[in-house]
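Taken in sequence, the protein lines are chains A and B.
238 is the number of the first residue of the first sequence in this note's numbering; add one for each residue after it.
36 is the number of the first residue of the second sequence in this note's numbering; add one for each residue after it.
We put the CB at the ideal spot given by N, CA and C, even for glycine.
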Amino acid sequence: MAWTRKHLLDLESLSKAEIVEILDTAASFKEVSGRSVKKVPALRGRVVVNLFYEASTRTSNSFALAAKRLSADTMSFSSSGSSVSKGETLIDTAKNIEAMGVDAFVIRHSAPGAPHLLARHTQCSVINAGDGCHEHPTQGLLDIFTIREKLGKVAGLTVAILGDIRHSRVARSNAHGLRKLGARVILAGPPTLVPPAIAAALGVEVSHDIDAVVEQADALNCLRIQFERKAGRFFPGVREYAAIYGLNEDRMKRAKPGAIIMHPGPINRGIELTPELADGDRSVILQQVSNGLAVRMAVLYLCMGVGAQSVAAREEVEA
Amino acid sequence: MPTLLLKNGRVFDPSSKLDKTADILIDLQSGTIEGIGKNLKPPPGAEMLDCSDLLVCPGFLDIHVHFREPGFTAKETIASGSAAAVHGGFSTVVTMPNTDPPLDNSSAIAYQYLKAEQAGMARVFPMGCITKGRAGEELAALGLLARAGAVGFTDDGACVNSSFLVRSALEYARALGKVVVEHCEDHDLSNGAVMHEGKVSAALGINGYPSAAEEIIVARDIRLAKLAGARIHVQHISAKGSVSLVREAKKKGAKVSAEVAPHHLLLTDECCRDFDANYKMNPPLREPSDLDACLEGLLDGTIDCFASDHAPHTTEEKSQEFVETPNGVIGLETNIGVLLTHLVHKNKLPLKRFVDAWTASAARVLDLPGGSLKVGGPADVTILDLDLRWQVDPARFKSKARNCPFAGWKLKGAPVYTLVGGKVFPAIGATMKVPAKQKSARSR
Chain A
238 MAWTRKHLLD LESLSKAEIV EILDTAASFK EVSGRSVKKV PALRGRVVVN LFYEASTRTS
298 NSFALAAKRL SADTMSFSSS GSSVSKGETL IDTAKNIEAM GVDAFVIRHS APGAPHLLAR
358 HTQCSVINAG DGCHEHPTQG LLDIFTIREK LGKVAGLTVA ILGDIRHSRV ARSNAHGLRK
418 LGARVILAGP PTLVPPAIAA ALGVEVSHDI DAVVEQADAL NCLRIQFERK AGRFFPGVRE
478 YAAIYGLNED RMKRAKPGAI IMHPGPINRG IELTPELADG DRSVILQQVS NGLAVRMAVL
538 YLCMGVGAQS VAAREEVEA
Chain B
36 MPTLLLKNGR VFDPSSKLDK TADILIDLQS GTIEGIGKNL KPPPGAEMLD CSDLLVCPGF
96 LDIHVHFREP GFTAKETIAS GSAAAVHGGF STVVTMPNTD PPLDNSSAIA YQYLKAEQAG
156 MARVFPMGCI TKGRAGEELA ALGLLARAGA VGFTDDGACV NSSFLVRSAL EYARALGKVV
216 VEHCEDHDLS NGAVMHEGKV SAALGINGYP SAAEEIIVAR DIRLAKLAGA RIHVQHISAK
276 GSVSLVREAK KKGAKVSAEV APHHLLLTDE CCRDFDANYK MNPPLREPSD LDACLEGLLD
336 GTIDCFASDH APHTTEEKSQ EFVETPNGVI GLETNIGVLL THLVHKNKLP LKRFVDAWTA
396 SAARVLDLPG GSLKVGGPAD VTILDLDLRW QVDPARFKSK ARNCPFAGWK LKGAPVYTLV
456 GGKVFPAIGA TMKVPAKQKS ARSR
């Protein structure tokens with residue numbers, strides 16, 4: 238298919254074909270990471286700016302490295318120690334950086350819709366790297382990529398997303414993407430951390446019985462409790478949470494033999510997921526991180542206008 | 036004696052059961068109506084305004100506007116707000132006291148009256164605060180506020196969370212013959228929410244404001260009003276449960292009234308999907324069933340009147356991230372057009388109820404003068420062209436603000452003149468350019 242989008246703002250608005258296109262493109266980029274020279278010239282001369290208004294380790298580094306592997310120049314910006322602390326607005330900051338001649342913004346922001354706002358006010362590509370509790374499309378894509386890679390397919394699988402659904406952009410992006418590719422999605426967690434209308438909003442199932450969910454799932458994606466978003470107000474305490482809603486070895490005895498355990502990180506070890514499981518055989522957590530790089534290369538490559546052509550064809554042209 | 040003759044209009048006043056083609060003669064010296072009747076003979080030299088094919092109504096009142104002065108004059112001033120009012124067809128407005136400083140003392144009330152007089156356009160009646168500094172902690176000087184001319188008391192923008200204070204305010208207001216006017220929101224339950232809690236907020240990952248947070252306070256205040264034997268007015272009703280509560284209370288004879296804003300009758304939370312801050316206000320846009328309930332309440336009299344909650348903000352403020360932008364949208368210059376187009380012309384709301392809810396019923400809620408056409412009464416008149424086709428272009432507004440949720444809407448029906456004490460102001464239907472094609476369509 239011909240890729241036509243300039244921005245990646247959310248998975249809700251993508252078609253199944255577009256999601257598959259990103260996953261397939263990512264698969265071809267994954268091969269690049271295995272080479273001794275891990276670089277292709279696809280975005281040579283282009284500039285990608287990381288605009289991070291919220292803390293990030295994985296995502297910001299993953300995007301920066303993805304851009305570098307595509308030979309783009311990169312700049313990074315974080316809200317502390319910048320003009321934001323002097324009260325500059327998002328739009329002003331972005332327009333000033335844009336005036337330096339950049340091609341894409343990768344933005345993380347605590348406000349839902351901040352990437353959408355940016356896309357309305359700049360000429361650059363805008364890639365959403367997490368907007369509040371709304372979406373985190375590249376995390377959703379890398380999770381789906383990992384499921385497809387490990388389990389060989391997505392359609393027909395049951396994927397359970399466990400924990401702090403209320404505050405999770407990862408849950409929302411996963412739900413949209415997985416549903417479009419034909420998976421069954423169950424969101425499970427304490428009633429107060431699963432917003433009342435979310436089943437209807439996302440076309441998913443909701444459960445508060447983790448044992449029952451564990452038995453059915455082919456993939457279990459554990460979410461971090463977002464204490465920084467005051468998630469602690471919504472349940473009585475972490476000990477109770479771990480006992481009733483956390484994933485532990487005892488509970489995993491009920492799981493299907495091939496079920497995988499995922500986590501977008503960072504992990505609250507011993508709360509939503511025990512260290513034994515996080516580091517155990519079923520865990521694909523580090524593969525998720527590796528795959529994230531390939532997915533982000535694919536997203537930058539497609540959205541920055543190179544589109545359509547395969548990686549190989551592109552390299553030929555560049556050569 | 037200077038005189039103005041409104042010639043040959045369809046004189047339409049539900050409060051005096053008037054609906055006939057007639058003339059209105061206005062004494063410009065006193066600003067009062069001298070005669071209403073067929074073929075009135077004006078004195079020589081009288082000015083004349085041809086009202087053929089136009090609807091001549093009592094001056095419309097918008098009992099809920101924010102004019103931001105003192106304190107936030109970049110958003111709106113009393114002068115720009117008054118200009119927007121008459122441009123939008125409103126001869127009278129009631130201003131909310133959430134200025135800086137707030138209208139919690141008599142000199143602040145006097146200041147707004149002075150500014151309004153200097154502007155010399157719409158009649159402006161300020162409301163005073165219920166609590167000092169709108170802080171919700173101690174009563175403002177309600178007696179002195181009333182003496183200075185406050186037409187009611189509210190902490191609008193915030194609810195008075197203390198039931199004790201609301202009771203005290205109600206008792207005090209009863210003795211003053213004034214109404215306590217409440218922004219109904221249980222802030223603990225709404226918890227800093229920025230949109231309605233439902234499917235859309237769940238999908239967007241935005242903290243939602245459940246309808247129950249409004250309903251709880253509506254229920255509480257109805258009970259407190261009964262306890263105090265006083266009148267309570269529910270501002271900007273938005274949830275179907277609130278409409279039911281007011282309906283039941285009225286049946287039992289409670290002294291409760293309610294207003295509804297055009298956006299709560301015409302727009303739903305689906306509008307927030309693109310994170311456009313021009314759909315962000317408090318109370319928030321809710322669901323289709325809430326819109327239906329509000330319309331039903333308007334039709335059966337549960338809801339007494341319209342009010343726009345005209346809430347101007349600068350374009351800079353409204354271009355921030357959705358969750359960061361201040362609440363509120365403007366309404367003065369679109370109120371009439373959007374309701375005529377989407378309710379009256381679609382036969383969902385009788386013209387009579389439409390006019391009544393902007394005139395007599397609005398005046399009655401706060402015991403304001405006006406709202407009817409009477410010989411000897413003030414010559415406050417709103418003249419409408421029910422068939423005029425136009426498109427909302429915020430650039431043409433007299434308001435300083437552009438935060439309009441109806442930008443670009445194609446409408447049928449607009450105010451063409453607003454008279455305040457006989458003084459004629461062209462309204463939006465007269466000041467905009469009508470494309471030639473539409474003009475000919477109109478004359479057909």
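Annotation for A496 (chain A): A454, D455, A456, L457, R519 place their beta carbon closer than 7 Å to its own, counting only its chain and skipping 5 residues before and after.
Here Y148 (chain B) carries a helix assignment [DSSP, helix/strand/coil].
Per DSSP, the beta-bridge partners of F289 (chain A) are A:S315, A:R345. Scanning chain A for C-beta atoms nearer than 9 Å to the C-beta of I241 (chain B) yields P349, G350, G369, C370, H371, reported in chain order. Judged by DSSP in its simplified three-state form, A438 (chain A) adopts helix. Near chain A, meaning a CB-to-CB distance below 9 Å, the residues of the segment 353-372 of chain B are S354, Q355, E356, F357, V358, E359. Listed in chain order, the positions of the segment 284-304 of chain B with a beta carbon within less than 7 Å of a beta carbon of chain A would be empty, since no residue qualifies. It is roughly 25 Å from the alpha-carbon of E477 (chain A) to the alpha-carbon of N226 (chain B). Along the length of the segment 306-345 of chain B, whole alpha helix (DSSP H) runs at least 4 residues long occupy 323-335, reported in chain order. A straight-line Cα-Cα distance of about 10 Å links P413 (chain B) and P93 (chain B).
The beta-carbon of A109 (chain B) is placed no less than 7 Å from the nearest beta-carbon of chain A. The contact set of K387 (chain B) on chain A, defined by CB atoms closer than 7 Å, is empty, because the minimum CB distance reaches about 39 Å. Closest by C-alpha distance to T38 (chain B), out of B:T67, B:L374, B:F102, is B:T67.
Rounded to whole angstroms, the gap between the alpha carbons of A515 (chain A) and H500 (chain A) is 8 Å.
One finds nothing in chain A with a Cβ atom closer than 8 Å to the Cβ of K275 (chain B); even the nearest lies about 16 Å away.
For the pair of segments examined, the segment 45-56 of chain B was found not to touch the segment 438-457 of chain B: the number of CB pairs separated by less than 8 Å stays below three. Residue-level contact check: A248 (chain B) does not touch chain A, since none of the beta carbons of chain A fall below 7 Å from its beta carbon.
In this structure, R533 (chain A) sits near F300 (chain A), with a CB-CB distance shorter than 7 Å. Contact annotation, L403 (chain B) with T127 (chain B): C-beta distance approximately 7 Å; criterion of less than 8 Å satisfied. When the Cα atoms are used, A185 (chain B) and V295 (chain B) turn out to be separated by approximately 22 Å. Contact check for E486 (chain A) and E513 (chain A): beta-carbon distance about 5 Å, within the 8 Å limit, so the pair qualifies. Within the same chain, R345 come within 6 Å of S293 (chain A) by CB-CB distance, once the 5 residues on both sides are set aside.
Distances from the alpha-carbon of G178 (chain B) to those of B:D191, B:G411, B:S141, B:L384 put B:S141 closest. In this chain, the alpha helix (DSSP H) harbouring R488 (chain A) covers 486-489. The segment 198-210 of chain B and the segment 222-239 of chain B do not touch, with fewer than 3 CB-CB distances between them shorter than 8 Å. Residues of the segment 37-53 of chain B with a C-beta less than 8 Å from any C-beta of chain A: none at all. Taking the beta carbon of A228 (chain B) as reference, no residue of chain A falls within 7 Å; the closest one sits roughly 12 Å away.
The C-beta of K110 (chain B) has 16 or more other C-beta atoms within 10 Å across all chains shown, which makes the residue buried.
Identification of chain B residues near L327 (chain A) by a Cβ-Cβ cut-off of 8 Å yields Q355, E356, ordered along the chain. Around the beta carbon of F199 (chain B), a 10 Å sphere encloses fewer than 16 other beta carbons of the protein chains shown; the residue is thus reported as exposed. Out of B:Y244, B:A176, B:S197, the CA that lies nearest to the CA of P319 (chain B) is found in B:Y244. Assignment of H271 (chain B) by DSSP, reduced to helix, strand and coil, places it in the coil class.
Listed along chain A, the residues sitting closer than 7 Å to D309 (chain B) by beta-carbon distance are H353.
Look at the beta carbons and you see the segment 101-120 of chain B not touching the segment 76-85 of chain B: under three pairs across the two are nearer than 8 Å.
Close partners of R406 (chain A) in chain B (Cβ separation under 7 Å): G240.
Annotation for T453 (chain B): no alpha helix (DSSP H) segment contains it, though the beta strand (DSSP E) segment containing it runs 445-455.
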